[in-house]
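In order, the protein sequence lines correspond to chains A and B.
Be aware that the first sequence starts at 1, since it is given in full-length UniProt numbering, and climbs by one per residue.
Be aware that the second sequence starts at 1, since it is given in full-length UniProt numbering, and climbs by one per residue.
For glycine and all other residues, C-beta sits at the position ideal for the given N, C-alpha and C.
The next block holds one structure in the form of structure tokens; read it before the comments.
Protein chains: 2
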Amino acid sequence: MSISANNPNRTSWLYVNKHSDFPIQNIPFGVFLTREDVITIGTRIGDTAIDLGALHQLGYFDGIPLTDDIFLQDTLNDFIADGRQTWRAVRNRIADIFDANNETLKNNTKHKEIVCFRLDEIEMQMPVLVGDYTDFYASKEHATNVGTMFRGEDNALMPNWLHLPVGYHGRSSSIITTHIPINRPQGQTLPEGASKPIFGPSKLVDFELEMAFITTDANDFGEPIPIEEAEDYIFGLVLFNDWSARDIQKWEYVPLGPFLGKSFASTISPWIVTLDALEPFRVESPKQNPKPLPYLRTKGKKSFDINLEAAIKPKGAKETVVSRTNFKYMYWNMAQQLTHHTSNGCPVNSGDMMGSGTISGPTEDSYGSMLELTWKGEKPIKMKDGTTRKFINDHDTVIMRAYCENDDVRIGFGQVKNELLPVFNPKKKK
Amino acid sequence: MSISANNPNRTSWLYVNKHSDFPIQNIPFGVFLTREDVITIGTRIGDTAIDLGALHQLGYFDGIPLTDDIFLQDTLNDFIADGRQTWRAVRNRIADIFDANNETLKNNTKHKEIVCFRLDEIEMQMPVLVGDYTDFYASKEHATNVGTMFRGEDNALMPNWLHLPVGYHGRSSSIITTHIPINRPQGQTLPEGASKPIFGPSKLVDFELEMAFITTDANDFGEPIPIEEAEDYIFGLVLFNDWSARDIQKWEYVPLGPFLGKSFASTISPWIVTLDALEPFRVESPKQNPKPLPYLRTKGKKSFDINLEAAIKPKGAKETVVSRTNFKYMYWNMAQQLTHHTSNGCPVNSGDMMGSGTISGPTEDSYGSMLELTWKGEKPIKMKDGTTRKFINDHDTVIMRAYCENDDVRIGFGQVKNELLPVFNPKKKK
């Protein structure tokens, strides 16, 4: 099935600002609460949110094999489980319904009132129930930076790093979406020079600028996925902020890896941009040397040219962009990550999420975490409001954005934006 | 509410062998497929499986606030979310229904036919949908053994180990229950003396003898659980075999922890024994020195005296018990684990599972893994059939059992029993 939804010449009868992340060529998927307080699955064109549950009930998806309630759900998991042919058919159909040359819905005021919402009428929800979440560590620049800081330049990359996409299991229950505030975590840390740990608020809360991909049901228990098939199981991508408490992480992580230094919160952008929508932005991955083992060898363009930025907005002040980087810098691509993950037979299910790991580019302003940008706090960043930051302060809001752009079209992810609140106070419980 | 179900003097009108793990004082919870191919929630007394969905429909739980379909589900998650008062009321009622002095169901042949099953008529299923699974590393003997092997005696325990229950996030999707065979995993390993890794079957597949506890909805996003309340959120325990591929683990695990060396399979016993049923077997934990930080200090008996054993059964031969140990050896107790886990605000939900980590005792025959029992393969174990084992061979079945016993009663967990098959062959796909 061709991806007719990607036709760059198409315009919509819905208004779309030329700088919008969501032209009719994007058609991402999300879950939102409507003005009637109903949860539905939807998409977005320009600044209009579209209720796919309502569209389906009104018959606009006739001819596509979909269960009656596929869009009347709290999560996209079941829709994602339907597989790529269905995703593609639905995206193509949505493009047709909202095409400037199609007057069916455009001229049906009653239907439009049921289907279309202004953004201020809806509230975005978590798009999927994440069964399992894995975070990779796939940016060579990031791994080198962190390795250099903690082990010195000569031992920066561990011996395994160039041979496999290093990853670890993360916590699903604390993945939330945009606009939900996060309390500064408490935990055990070992203060500089101390011999005993203390318990208290983390002093080094950081962001990690990542992308994450969301999978469909990929394999049965025990069955690896060959590398040629891996991309078939990737539904789409979101922005991912892997919030990190560096001091908690440092004390706890040897020998079993990051735990409470990460599991207090991870935040994602609410619209899942499909792999189909990103097709025009495929690029070559960085050259891999040594050549990966045969089960990890990919051909062709397996990376994507996605511009990324992270900003910090102090309370009541303007934001300062602190990092600009690109998803294409990733050393290990998503197909390699998914194939490696299932190489031992580990099952991957619909709604599972895999983070890229912090995405750092080659230049100092393209690093994807405050740890790297300020080099462990040694080089504070100057903010527009005159203050400086080594890490994230209480009441700072961290904002991440991502978009692809060529001469024809811009496909964006919107943003993920969350405020860091002070430590949780049980007496002030909401 | 008193736990009348624990009355040691009670007997049942159902036959219970005196060595049974499942006297009327146990009343565990599980999920099974009935002879009519229906999935239901049930319990077990002696060798009789009891359909709680049917009992509820027949009115035997009248007066206990339960939704109509609470036992007609694929998993125990919703029942567990109902909380301890409900679990206790249901267990007490089941004890009454099957009490030798209660003739209501006993004399109702028609009802009995609907409610009671022989074990060979049912097939046990996963009792919960595990949202998140965490594995701790809470046995000092195990951590010391592994540390000594890999880092030498002087650096055996990492500096953090005595201050916090070290843990890491594990993979939920590959947790399965008893009797499901497992394929030997493939993966990357670095052969002894080699400079480059290879990809192929793991040569060092091991078991880890653990217990795991299953939680109810414990806390909201951002809210820590005080140590005094932690046990309120523990529903019950199962046996847990944390299958491990030592060679894959060794090559991959630095710096982010175990990943594919574990995620090919973890297996649990199918009946969840409630914390209530284990009350008579509370014991003091090992003395903790240094004293834990205040947020981790517990009072009273927070450990449980649970006898554990692991056996290996080669194909067509008798089993050999290779380890006998006890849950009470754990240095960090479950309350400490759960409180530590939520100390940063990480939410814990109904059905989440937390493994103890390998449970090793003080003597060489009480170690909980082949890695330790054979000391990295240096001291092979002699089997009853004359063969020896360093690790697990293809077609070996690993069997774990657990039980508590005092003068009055024996409360057991049954077993978890899984065969290791050769590497998955796509041409022979079932």
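On the three-pair Cβ rule with 8 Å, is the stretch 405 to 418 of chain B touching the stretch 294 to 302 of chain B? With the cut-off at 8 Å, the stretch 405 to 418 of chain B and the stretch 294 to 302 of chain B do not touch.
Beta strand (DSSP E) runs wholly inside the UniProt domain "Fumarylacetoacetase N-terminal" (25 to 127) of chain B, at least 3 long, in chain order: Entirely contained in the UniProt domain "Fumarylacetoacetase N-terminal" (25 to 127) of chain B, the beta strand (DSSP E) runs reaching 3 residues are, in chain order, 30 to 33, 39 to 45, 48 to 51 and 116 to 118.
Under DSSP, the beta strand (DSSP E) around B:Glu210 begins and ends at which residues? In the DSSP assignment, B:Glu210 falls within the beta strand (DSSP E) that extends over Leu209 to Thr215.
Taking the alpha carbon of B:Arg84 as the reference point, which residue from B:Glu229, B:Val115, B:Phe32 and B:Lys417 has its own alpha carbon closest? Selected option, being the one with the closest Cα: B:Glu229.
Between A:Glu223 and chain B, is the shortest Cβ-Cβ distance under 7 Å, so that the two count as touching? Using a CB distance cut-off of 7 Å, A:Glu223 counts as an interface residue toward chain B.
Helix, strand or coil for B:Pro191, going by three-state DSSP, please let me know. It is coil, neither helix nor strand.
So which residues of chain E does A:Gly131 contact, with C-beta pairs closer than 7 Å? Structure shown: chain E not included; protein chains present are A and B.
Under 8 Å between beta-carbons, which chain B residues line up against A:Cys346? List them in chain order, please. In chain order: Arg171, Ser173, Ser174, Leu260, Ser263 and Phe264.
With a threshold of 7 Å between beta carbons, is A:Trp243 in contact with chain B? Against chain B, the CB of A:Trp243 has no partner CB under 7 Å away; the residue lies outside that interface.
As a quick exercise: from B:Phe22, B:Phe136, B:Met158 and B:Asp135, pick the residue whose alpha carbon is nearest that of B:Thr144. It is B:Met158.
Which residues bound the beta strand (DSSP E) around A:Ala402? Residues Thr397 to Glu405.
Those residues which DSSP pairs with B:Ile306 across a bridge: B:Ile306 is not bridged to any residue.
Would you identify the three-state DSSP class for A:Leu164, choosing helix, strand or coil? In this structure, A:Leu164 counts as coil in the three-state DSSP scheme.
Can the beta-carbon of B:Gly222 be found closer than 7 Å to that of A:Asn183? For the 7 Å CB-CB criterion, B:Gly222 and A:Asn183 form a contact.
Indicate whether at least one CB of chain A lies closer than 7 Å to the CB of B:Asn183. Taking 7 Å as the threshold, the shortest C-beta distance from B:Asn183 to chain A falls below it.
At least three beta-carbon pairs within less than 8 Å, the stretch 282 to 293 of chain B to the stretch 326 to 339 of chain B: Yes: the two stretches touch, three or more of their Cβ pairs being nearer than 8 Å.
Tell me, please, whether the stretch 335 to 347 of chain B touches the stretch 180 to 196 of chain A by the rule of three or more beta-carbon pairs shorter than 8 Å. A contact is defined here as three or more CB-CB pairs under 8 Å, and the stretch 335 to 347 of chain B meets this definition with respect to the stretch 180 to 196 of chain A.
Can you tell me whether A:Pro201 is helix, strand or coil according to DSSP? It is a strand residue.
Closer than 8 Å, Cβ to Cβ, to anything on chain B: give me those residues from the stretch 407 to 427 of chain A, in chain order. For chain B, the residues of the stretch 407 to 427 of chain A that bring a beta carbon within less than 8 Å of one of its beta carbons are Phe424 and Pro426, in chain order.
Give the interface partners of A:Trp251 over in chain B, defined as CB-CB distance under 9 Å, in chain order. Per Cβ cutoff of 9 Å: Pro159, Asn160, His163 and Leu164.
Name the chain B residues that come within less than 8 Å of A:Pro197, Cβ to Cβ? Those within 8 Å of A:Pro197 in chain B are Asn160, His163, Leu164 and Leu293.
Between A:Ser366 and A:Leu373, what straight-line distance do the alpha-carbon atoms span, to the nearest angstrom? Spanning the two alpha carbons is a distance of roughly 8 Å.
Nearest to A:Gly261 by CA position, among A:Val398, A:Asp21, A:Ala218 and A:Thr189, is which residue? The shortest Cα separation from A:Gly261 among A:Val398, A:Asp21, A:Ala218 and A:Thr189 belongs to A:Thr189.
Whose Cβ in chain B lies nearer than 8 Å to the Cβ of A:Gly167? Under the 8 Å cutoff, chain B gives Leu256 and Phe259.
Determine, for B:Gly355, whether the minimum Cβ-Cβ distance to residues of chain A falls below 7 Å. No, because no Cβ of chain A sits closer than 7 Å to the Cβ of B:Gly355.
Is B:Pro270 closer than 7 Å to B:Thr177 when the C-beta atoms are compared? Between B:Thr177 and B:Pro270, the gap from beta carbon to beta carbon is short of 7 Å.
Once you ignore the five residues that flank A:Asp96 on each side, which residues in its own chain have a CB closer than 7 Å to its CB? Annotation for A:Asp96: Asn102 place their beta carbon closer than 7 Å to its own, counting only its chain and skipping 5 residues before and after.
Assuming B:Thr320 contacts B:Lys384 under a Cβ cut-off of 8 Å, what Cβ separation, rounded to an integer in Å, is found between them? Sure, about 5 Å apart at Cβ, within 8 Å.
As assigned by DSSP and simplified to three states, the class of A:Met353: DSSP places A:Met353 within a strand segment (E or B) once states are collapsed to three.
Give a yes or no on whether the minimum CB-CB distance between A:Asn349 and chain B is below 7 Å. Closer than 7 Å to some Cβ of chain B, the Cβ of A:Asn349 qualifies, so yes.
Rounded Cβ spacing between B:Val115 and B:Leu55 (contact assumed at less than 8 Å): In this structure B:Val115 touches B:Leu55 by the C-beta definition: roughly 5 Å separates them, less than 8 Å.
Please go through the stretch 231 to 314 of chain A and give each complete beta strand (DSSP E) segment of 3 or more residues, from N-terminal end onward. Counting whole runs of 3 or more residues, the stretch 231 to 314 of chain A contains the beta strand (DSSP E) stretches 234 to 241, 266 to 268 and 307 to 313.
Contact set between B:Gly187 and chain A, taken where Cβ atoms lie within less than 8 Å: Against B:Gly187, the close residues of chain A are Ser343 and Asn344, in the order they occur along the chain (beta-carbon pairs closer than 8 Å).
Whole angstroms is fine: what's the gap from A:Pro226's alpha carbon to A:Tyr295's? So the two alpha carbons sit approximately 7 Å from each other.
Could you check whether B:Gly368 and B:Ser360 sit closer than 7 Å to each other, using their CB atoms as the reference points? Between B:Ser360 and B:Gly368, the C-beta spacing is below 7 Å.
Which word fits A:Gly414, buried or exposed, when buried means at least 16 other C-beta atoms lie within 10 angstroms of its C-beta? It counts as buried.
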